[in-house]
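S.K.: Chains as they are written, first to last, in the numbering used here: chain A, 122 to 356; chain B, 122 to 356.
No residue lacks a Cβ here, since even glycine has one placed at the ideal position from N, Cα and C.
Note that the coordinates shown come from a computational prediction; the quantities given were computed from them, not determined experimentally.
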DNA sequence: TAGATTGTTAATCGATTAACAATC
DNA sequence: TAGATTGTTAATCGATTAACAATC
């Protein structure tokens with residue numbers, strides 16, 4: 122099977138989510154045009170992305186159920202993967218309680234916290250254990266995914282322990298870039314960065330607006346530029 | 122001031138976080154080379170990104186404090202923005218409790234939940250109010266940022282209310298793309314999509330590994346391809 | 001001065017869009 | 001058949017990297 126583009130892999134779950142909604146609405150087919158409108162991309166990008174699934178039918182579009190299934194297969198949503206979570210603070214607990222991840226094949230098997238008072242708690246069916254047990258259990262249970270939801274200053278230390286215990290992928294929610302060996306995958310979920318992008322675009326929008334109030338003649342130009350802040354913006 | 126590239130705006134908070142760490146370590150300067158290693162990008166990209174700050178000094182690198190300050194200015198981290206949060210479930214509470222966002226200029230002024238039992242609760246200094254009050258308060262208080270942390274099936278409805286009440290930017294944590302008018306900015310923080318990317322890369326890595334065990338002669342090739350899963354991967 | 005490091009330009013790479021042929 | 005819609009190729013756009021001149 123050919124290697125998929127990174128950008129496309131990021132869009133596949135979005136197609137899946139849209140299909141899921143369509144299914145709930147009893148829709149049988151959806152066109153590339155419709156997908157495109159909902160995702161704010163060009164219809165040809167949708168066709169390009171979905172063509173490898175070979176589910177598209179001329180004149181009708183993409184069948185909802187079958188296409189969902191194929192995306193699930195392609196992304197390996199079926200093979201559930203187990204993960205350990207470090208940090209049972211509010212973000213960690215939110216992740217434990219977030220049942221949506223199960224659907225995508227992620228099962229948080231246990232959580233760990235440095236605070237001994239938290240040991241024994243159960244959130245969303247996940248038990249919190251003392252931090253010292255992480256390394257030993259991780260390697261013994263052969264868990265290859267580690268989720269980091271500890272403060273920025275302890276994140277690197279936790280990552281090192283996880284990697285030492287055999288982790289091959291780290292999903293990092295701490296606002297800090299991590300250093301890991303070349304064979305380990307890291308994905309940073311940097312909320313601050315996400316917010317800054319929103320905030321920056323908002324300021325750009327606002328200042329553009331006040332400009333076009335100041336200088337009346339810019340109207341047309343400004344309308345053209347608004348192509349950017351149209352609806353959806355994903356990354 | 123020229124418009125900054127989207128990709129660059131997403132990296133600026135990362136530079137900021139690294140600088141912050143350097144400051145705590147008492148470091149005075151940091152080179153593009155050092156930044157690049159920590160972020161897993163090319164040093165010339167770092168220089169390109171930071172050149173507009175005009176803080177770089179030949180032979181020394183970038184002064185930590187001044188560069189942090191400039192990034193803060195450029196991103197408008199100083200002008201604190203107020204936001205309303207919809208949904209006081211576990212994710213919503215995590216956001217209320219996440220003090221880190223203040224540093225980046227985001228203040229969650231109030232939270233709203235459809236469950237009347239939650240009204241009156243206070244988390245991280247943020248009070249939870251009944252959902253019915255959202256629209257009225259949002260327009261009266263002139264709040265332009267809405268944060269959505271409700272389940273997928275109610276997210277669009279909440280977004281509509283927020284937009285109706287004058288929201289200009291929506292930070293969406295529901296796993297569902299939202300439809301908003303062209304003048305409103307949306308940023309989707311799609312955890313499922315983030316996880317799927319990690320999981321897909323992990324599977325690719327594992328199968329590549331087993332391949333190179335099967336066919337011994339692929340060794341060189343495989344080593345070359347591993348350029349991809351090197352350390353950090355952000356988006 | 002020599003060496004190190006920035007800033008900037010040109011080359012490359014990757015992702016998206018536009019156009020259109022294929023087909024149901 | 002005519003019309004609608006997919007799949008695919010070529011063109012464009014945007015972002016990253018490589019190379020090197022400028023400079024402290």
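Does any C-beta atom of chain B lie closer than 8 Å to the C-beta of residue 193 of chain A?
M.R.: Taking Cβ atoms only, chain B never reaches closer than 8 Å to residue 193 of chain A, which makes this a no.
S.K.: Within 10 Å of its beta-carbon, does residue 243 of chain B have 16 or more other beta-carbons around it, so buried, or fewer, so exposed?
M.R.: Burial call: exposed.
S.K.: In the DSSP assignment, the beta strand (DSSP E) including residue 232 of chain B goes from what residue to what residue?
M.R.: Here the beta strand (DSSP E) through residue 232 of chain B covers 227-234.
S.K.: Taking residue 213 of chain A and residue 256 of chain A to be in contact with their CB atoms under 8 Å, please state how far apart those CB atoms are, rounded to whole angstroms.
M.R.: Between residue 256 of chain A and residue 213 of chain A the Cβ distance is about 18 Å, and since that is not below 8 Å, they are no contact.
S.K.: Select from A:225, A:297, A:184, A:155 the residue whose C-alpha is nearest the C-alpha of residue 273 of chain A.
M.R.: Of the listed residues, the one whose Cα sits closest to residue 273 of chain A is A:297.
S.K.: Just to confirm, is the Cβ distance from residue 140 of chain A to residue 198 of chain A under 8 Å?
M.R.: No.
S.K.: Could you compute how far the alpha carbon of residue 210 of chain A sits from the alpha carbon of residue 262 of chain A?
M.R.: Roughly 24 Å separates the two Cα atoms.
S.K.: If you draw a straight line from the C-alpha of residue 235 of chain B to the C-alpha of residue 288 of chain B, how long is it?
M.R.: One C-alpha to the other measures close to 19 Å.
S.K.: How far does the alpha helix (DSSP H) with residue 205 of chain B in it extend, from its first residue to its last?
M.R.: Residue 205 of chain B -> not in any alpha helix (DSSP H); beta strand (DSSP E) instead, spanning 202-207.
S.K.: Applying a beta-carbon distance threshold of less than 9 Å, which residues of chain A neighbour residue 138 of chain B?
M.R.: Near residue 138 of chain B (Cβ distances below 9 Å), the residues of chain A are 273, 296, 297, 298, 311, 313, 314.
S.K.: Show which residues of chain A have a CB atom less than 8 Å away from the CB atom of residue 220 of chain B.
M.R.: Near residue 220 of chain B there are no residues of chain A at all, since even the closest Cβ is about 10 Å away, more than 8 Å.
S.K.: Measure from the alpha carbon of residue 233 of chain A to the alpha carbon of each residue in A:169, A:208, A:175, A:220, then state which is nearest.
M.R.: Of the listed residues, the one whose Cα sits closest to residue 233 of chain A is A:208.
S.K.: Can you tell me where the beta strand (DSSP E) with residue 308 of chain B in it begins and where it stops?
M.R.: Start and end: 306-309.
S.K.: Flag this pair as touching only if the stretch 155-164 of chain A and the stretch 130-145 of chain A have three or more C-beta atom pairs under 8 Å; answer yes or no.
M.R.: At 8 Å Cβ cutoff, the stretches touch.
S.K.: Cβ closer than 9 Å: which chain B residues qualify as neighbours of residue 130 of chain A?
M.R.: Ordered by position in chain B, the residues that pass the 9 Å Cβ test against residue 130 of chain A are 314, 317, 318, 321, 322.
S.K.: Closest to residue 181 of chain A by CA distance: which of A:151, A:145, A:299 is it?
M.R.: The option with the nearest alpha carbon to residue 181 of chain A is A:151.
S.K.: In whole angstroms, give me the CA-to-CA distance for residue 126 of chain B and residue 237 of chain B.
M.R.: One C-alpha to the other measures close to 43 Å.
S.K.: Output needed for residue 252 of chain B: all residues of its chain with C-beta closer than 8 Å, excluding positions within five of it in sequence on either side, in chain order.
M.R.: Closer than 8 Å at Cβ, skipping near neighbours: 207, 233, 234, 235.
S.K.: How about residue 205 of chain A and residue 268 of chain A: are their beta carbons less than 8 Å apart?
M.R.: Yes, they are a contact pair.
S.K.: Which partner residues of residue 293 of chain B appear in the DSSP bridge assignment?
M.R.: In the DSSP output, where bridge partners are listed per residue, residue 293 of chain B has B:269, B:309.
S.K.: Any idea if residue 194 of chain B is buried or exposed, counting beta-carbon neighbours within 10 angstroms, 16 or more meaning buried?
M.R.: Residue 194 of chain B is exposed by the Cβ-count criterion.
S.K.: When you compare the CB positions of residue 202 of chain B and residue 331 of chain A, do they come within less than 8 Å of one another, or not?
M.R.: For residue 202 of chain B and residue 331 of chain A, no; Cβs fall outside 8 Å.
S.K.: Which term fits residue 178 of chain B, buried or exposed, when burial requires 16 or more other beta carbons within 10 angstroms of its beta carbon?
M.R.: The residue is exposed, with fewer than 16 neighbouring Cβ atoms inside 10 Å.
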